[in-house]
Amino acid sequence: MRIPTKLKSISYILVTALIVLLSAVIWLLLITRSANSDLRLVDEIQINFLERTSLSDQYFLHHEKLTGICWEESKRHSDRLLRQARLQLRDKESLENIEALVRNIDDSAAIFKRIVATSNALKSAGGDREILEELNKRLSSQLLLKATVIRDTTFLLKDSALKSVQQRYRQLTVSILLLAASLSIGIILWNILLKQQVKSKTIHLKNEIAERLRAEEALVASETHFRNYYELGLIGMAITSRDKGWVQCNDFLCSMVGYSREELFNRSWAEMTHPDDLAADEEKFQKVLRGEIDGYTLDKRFIHKNGQIVQTALSVKCVRGLDGAPDHFVVMVQDIAERKRYEQELQAKNTELDRFAYTVSHDLKSPLITIQAYAGMIKKDLEAGTYERAQDDMKRIERAADKMTSLLKDLLELSRAGRMMGEPSPVDMNRLVKNTLQQLAGPIAGSHVEMVLQPDLPSVLGDEKRIAQVVQNLVENAIKYMGDQAAPRIEIGRRQEGKECVFFVSDNGKGIDPNHHEKVFGLFNKLDAESAGTGIGLALVKRIIEVHGGRVWVESEGEGTGCCFCFELPLVVAEVP
Amino acid sequence: MRKTTLALLLMAALSGCQESPSRSAGQPGTPPLQKITVAYTVQPQGTLIHVAVAKGYFIEEGLDVQSSIHAFGKAALQSLLDHKADFAAVAETPFMFNVLKGEKICVIANIEASTMNNAIVARKDAGVSALGDLQGKRIGFTPGTTSDFFLDSILTSIGLTRQAIQPVALKPDEMLTAIVGKKVDAVCTWNFPLTQIKRRLGADGVLFYDHEIYTETFNIASHQDFVQKNPETVERLLRALLKAENFVAQHSDEAQSIVSASTKTDPDIVREVWNAFAYQVVLDRRIIIMLEDETRWAIKNRLTDQTAMPDYLTYIYLDGLRAVKPEAVKIGR
Chain A
524 MRIPTKLKSI
534 SYILVTALIV
544 LLSAVIWLLL
554 ITRSANSDLR
564 LVDEIQINFL
574 ERTSLSDQYF
584 LHHEKLTGIC
594 WEESKRHSDR
604 LLRQARLQLR
614 DKESLENIEA
624 LVRNIDDSAA
634 IFKRIVATSN
644 ALKSAGGDRE
654 ILEELNKRLS
664 SQLLLKATVI
674 RDTTFLLKDS
684 ALKSVQQRYR
694 QLTVSILLLA
704 ASLSIGIILW
714 NILLKQQVKS
724 KTIHLKNEIA
734 ERLRAEEALV
744 ASETHFRNYY
754 ELGLIGMAIT
764 SRDKGWVQCN
774 DFLCSMVGYS
784 REELFNRSWA
794 EMTHPDDLAA
804 DEEKFQKVLR
814 GEIDGYTLDK
824 RFIHKNGQIV
834 QTALSVKCVR
844 GLDGAPDHFV
854 VMVQDIAERK
864 RYEQELQAKN
874 TELDRFAYTV
884 SHDLKSPLIT
894 IQAYAGMIKK
904 DLEAGTYERA
914 QDDMKRIERA
924 ADKMTSLLKD
934 LLELSRAGRM
944 MGEPSPVDMN
954 RLVKNTLQQL
964 AGPIAGSHVE
974 MVLQPDLPSV
984 LGDEKRIAQV
994 VQNLVENAIK
1004 YMGDQAAPRI
1014 EIGRRQEGKE
1024 CVFFVSDNGK
1034 GIDPNHHEKV
1044 FGLFNKLDAE
1054 SAGTGIGLAL
1064 VKRIIEVHGG
1074 RVWVESEGEG
1084 TGCCFCFELP
1094 LVVAEVP
Chain B
32 MRKTTLALLL
42 MAALSGCQES
52 PSRSAGQPGT
62 PPLQKITVAY
72 TVQPQGTLIH
82 VAVAKGYFIE
92 EGLDVQSSIH
102 AFGKAALQSL
112 LDHKADFAAV
122 AETPFMFNVL
132 KGEKICVIAN
142 IEASTMNNAI
152 VARKDAGVSA
162 LGDLQGKRIG
172 FTPGTTSDFF
182 LDSILTSIGL
192 TRQAIQPVAL
202 KPDEMLTAIV
212 GKKVDAVCTW
222 NFPLTQIKRR
232 LGADGVLFYD
242 HEIYTETFNI
252 ASHQDFVQKN
262 PETVERLLRA
272 LLKAENFVAQ
282 HSDEAQSIVS
292 ASTKTDPDIV
302 REVWNAFAYQ
312 VVLDRRIIIM
322 LEDETRWAIK
332 NRLTDQTAMP
342 DYLTYIYLDG
352 LRAVKPEAVK
362 IGR
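Residue numbers (my numbering), protein chains in the order written: chain A, 524 to 1100; chain B, 32 to 364.
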């Protein structure tokens, strides 16, 4: 049986027992009261008897009329008491005793009357006095005998009444003890069961609390996970309202648009949206509000607090209430600036590739056409028997083939320059420049160029062979376009521009028109068509520098002013100023 | 041989009168019954003894009671005095006379009391219609018995003395014949003869009671030395009588039938007189009052040589009843 059921059963039993016992106690109190009343009545009967006995004695002594009258009055009082006793007393024995009392008191009254009559007769008696006196003695003896019986009967009555009172008190005591015992047992049982119940409930509560704690911990963990995801900084996240306000947002979103949370919450997303993108966003937002869609994605631009454009990819999901009406919106904002840049770069690459394909096809076609044309001429020369011309044409074909080979070789080099040869590593630029110049010692000496090399060039991070190609191409390019300079001079060094370290290779050669500064880095672009080379060298330089994350440019005020090719490369951390 | 057979048959018949006792002689594990002789009368005063015998209460208490039946208590007491009985049922008057004679006897319990058992029944044709008419008449009585004292008392109540009548000494069983035979004009006696005579005289008879002048007590008497030596026997006897008292109180009709059968009395007569008696085993002051009253009467009328009042408390054995029913002992309270 379960504890609450036990408690309920015990309560019912206890309450029933208490009601029964309480009723018994009340009933016993009443009958005890009644028994006490009986005892008082019996006492009164006994006192009345003693009073009458006393009056009898008084009469025998003095034979006074008044005493006889008092005796009669006492008898009437006795009759009243006995009538009351007949009504009041209940038990058979007491009623039998009352009846015995009635008989004997009546007898004694009759005897007393005869004694009084005899006594009165004695007052005027003559010769019969002796007989009258004897009669009085006999009657007195009988009165005494009746008195004895009455006395014994009143004692019996009193014994009975006393026993009744004692019995009632015993019963009352037992009932009260039972009541107390029942109460005690009930309280003890209640106590035990309540303790069990409390223990059981406590265990249950402990389990429940432990369960809740586990659930709360899980919830906290989940929330923490969510918060971590929310605040991770991978993506901007926010909750927006139906009126386009910001309700919640993570730090990443704040940093993305440059506003603090407070500033953001005082603005609508519409205010922050680039005007050109607002219409598209509004249209989809209204569709959601109308219930046509639950969410949408959109690339749109936010306006940063500092006015810059923030390229984002927006994902919006509507959370609806029980009535289906939109309640709030979960918004994910992804910064796609890099993606956009890649897209632009890709676009540029595609353009470059188009141009490269065109240039390559055009420049490669040129020697092929030459070869094709001179091959036809050789055929004609051979048919005509002009072998010398055929020899000459053959040489032209060989030169065109060489040029084509050279072009293909440079193209191959260019394509290789588009990717790193190995993992970036620190490159000592001083050593690299010296080694490169040693390799170019022949052309340098042949062109009588003065080489000036700045000391203490900083080390860079990159592919040493490629960077050596950069230096080699720039030095060869400077020698190639030295022109008629009487004192040709090439300087390799570095300069500091703010935080940036710029390497340079400058010369005092022909110089480059500022209009052609960009063009010189194009593939097959040669400012001087008659110059030697394939027109790939500077394109190669640019490709290598950009692959290393740097940039390259040319500085020249125009023809005859020389030029300075500058480039930046990532420095080894220790070298960063 | 014939005598032996008859004796066995008589014993069987006697034992057949008693109900099957819960305890009997010869049962294994029970002590043998104590044989005692109880002298009692065929009068209604001996009802408790008749019932105790009939219901087997004596046997239950380990007593094999030999009944010694007599016509009246005085004869029963004489049987005790003659050592033919151990106990006798007797009214206070014969007891008183024998105490005055110096007999070492005692009362162990009062077993009956009545104010209506004694009366004078007279013949109307003898000119008796009122008590006063008894003057000069022949009145039969049993000397030394309650009838002796009652006669004196009732005469006193009407201002007469013994000398004013012609007393005729009669035994109880002689009363009926005497009055019917007109040898006496009236008789002073007790039941059952009283009611039998009244019935016999019918309309010719007149009955004179005076329940305010006399109270009869009927008692169990024994020798003082016997009760001193046999207190347990006394207690057993009293316990049996107390059982009978209880039975009589609860089964009045059956008790009347027992009395009728054992006294060979007409059941109607038993029933008629039944309420005149109070059957209780007690020891109260009534017996002392009556003994003293009657002693004064005996001394005054020179019915005894004694002149001093005996201390009757010394003739009452209280310990027996006190041992079996203390609350029934009301002397000394």
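Don't be surprised by glycine CBs; every beta carbon is placed ideally from N, CA and C. Only a predicted model underlies this, so the values are computations on that prediction, with no experimental measurement involved.
Where residue i sits in the DSSP three-state scheme
| i | result |
| --- | --- |
| N488 of chain A | As displayed, chain A neither begins before 524 nor continues past 1100, which places residue 488 of chain A out of reach and without an answer. |
| Q1019 of chain A | strand |
| M340 of chain B | coil |
| W221 of chain B | coil |
| T909 of chain A | coil |
| T173 of chain B | coil |
| E815 of chain A | coil |
| F308 of chain B | coil |
| I196 of chain B | coil |
| I191 of chain B | It should be pointed out that residue 191 of chain B corresponds to Leu in this sequence rather than to Ile. Correct three-state label for L191 of chain B: coil. |
| C137 of chain B | strand |
| P849 of chain A | strand |
| T928 of chain A | helix |
For residue j and residue i, the rounded distance between their alpha carbons
| i | j | result |
| --- | --- | --- |
| S982 of chain A | R1066 of chain A | 20 angstroms |
| F180 of chain B | W328 of chain B | 8 angstroms |
| R54 of chain B | A633 of chain A | Because the pLDDT of R54 of chain B is 46, which lies under 50, any placement of that residue in the model is unreliable, and the number read from its coordinates should be weighed accordingly. The alpha-carbon atoms of R54 of chain B and A633 of chain A are separated by roughly 49 angstroms. |
| P1011 of chain A | S1029 of chain A | 11 angstroms |
| N332 of chain B | A558 of chain A | 52 angstroms |
| G47 of chain B | A85 of chain B | At G47 of chain B, the pLDDT of 39 sits below 50, so the modelled position is not reliable and the matter cannot be decided from this model. |
| A547 of chain A | L706 of chain A | 15 angstroms |
| G212 of chain B | R652 of chain A | 37 angstroms |
| E1023 of chain A | E1078 of chain A | 17 angstroms |
| A648 of chain A | R599 of chain A | 30 angstroms |
| W305 of chain B | L108 of chain B | 24 angstroms |
| R780 of chain A | D858 of chain A | Reading off the sequence shown, one finds Val at residue 780 of chain A, where the question assumed Arg. Approximately 10 angstroms, taken between the alpha carbons. |
| N714 of chain A | L541 of chain A | 17 angstroms |
| I269 of chain B | L679 of chain A | The question names Ile, yet the displayed sequence has Leu at residue 269 of chain B. Looking at the two C-alpha atoms, the distance is approximately 20 angstroms. |
| E413 of chain B | Y582 of chain A | What the structure shows of chain B is the stretch from 32 to 364, and residue 413 of chain B is not part of that stretch, so it cannot be assessed. |
| G57 of chain B | G93 of chain B | Annotation note: pLDDT 44 at G57 of chain B (below 50); position unreliable, no value reported. |
| S723 of chain A | T528 of chain A | 14 angstroms |
| L934 of chain A | A907 of chain A | 39 angstroms |
| L821 of chain A | V743 of chain A | 33 angstroms |
| N958 of chain A | G1072 of chain A | 24 angstroms |
Expected contact under 8 angstroms - CB spacing of residue i and residue j to nearest Å
| i | j | result |
| --- | --- | --- |
| G163 of chain B | I654 of chain A | Not really, about 13 angstroms apart at Cβ, beyond 8 angstroms. |
| K660 of chain A | Q569 of chain A | With 8 angstroms as the limit, K660 of chain A and Q569 of chain A do not qualify as a contact, their Cβ atoms being about 27 angstroms apart. |
| G104 of chain B | A120 of chain B | 6 angstroms |
| I217 of chain B | A153 of chain B | According to the sequence as given, residue 217 of chain B is Ala; it is not Ile. That pair is a contact at about 3 angstroms. |
| I228 of chain B | G236 of chain B | 7 angstroms |
| Q977 of chain A | I1013 of chain A | Actually they are not in contact, since the Cβ atoms of Q977 of chain A and I1013 of chain A sit about 12 angstroms apart, beyond 8 angstroms. |
| V138 of chain B | Y348 of chain B | 7 angstroms |
| N250 of chain B | N141 of chain B | 5 angstroms |
| L612 of chain A | L618 of chain A | 6 angstroms |
| R316 of chain B | K274 of chain B | Not confirmed; about 25 angstroms, so no contact. |
| I80 of chain B | V69 of chain B | 6 angstroms |
| R637 of chain A | L668 of chain A | The Cβ separation is near 14 angstroms, so there is no contact. |
Paired residues, beta bridge with residue i - DSSP
| i | result |
| --- | --- |
| R824 of chain A | A:Q834 |
| M974 of chain A | A:I1013 |
| C1024 of chain A | A:Q1019 |
| K66 of chain B | B:D95 |
| G768 of chain A | A:S791 |
| M760 of chain A | A:M855 |
| V360 of chain B | B:L314 |
Cutoff 6 angstroms; reference residue i; Cβ partners in own chain excluding five residues on either side
| i | result |
| --- | --- |
| P341 of chain B | V130 |
| A286 of chain B | V82, V279 |
| A209 of chain B | G171, L201, V215 |
| K1042 of chain A | N1048 |
Spatial neighbours of residue i in its chain, beta-carbon cut-off 7 angstroms, leaving aside the 5 residues before and after
| i | result |
| --- | --- |
| S970 of chain A | I1002, M1005, P1011 |
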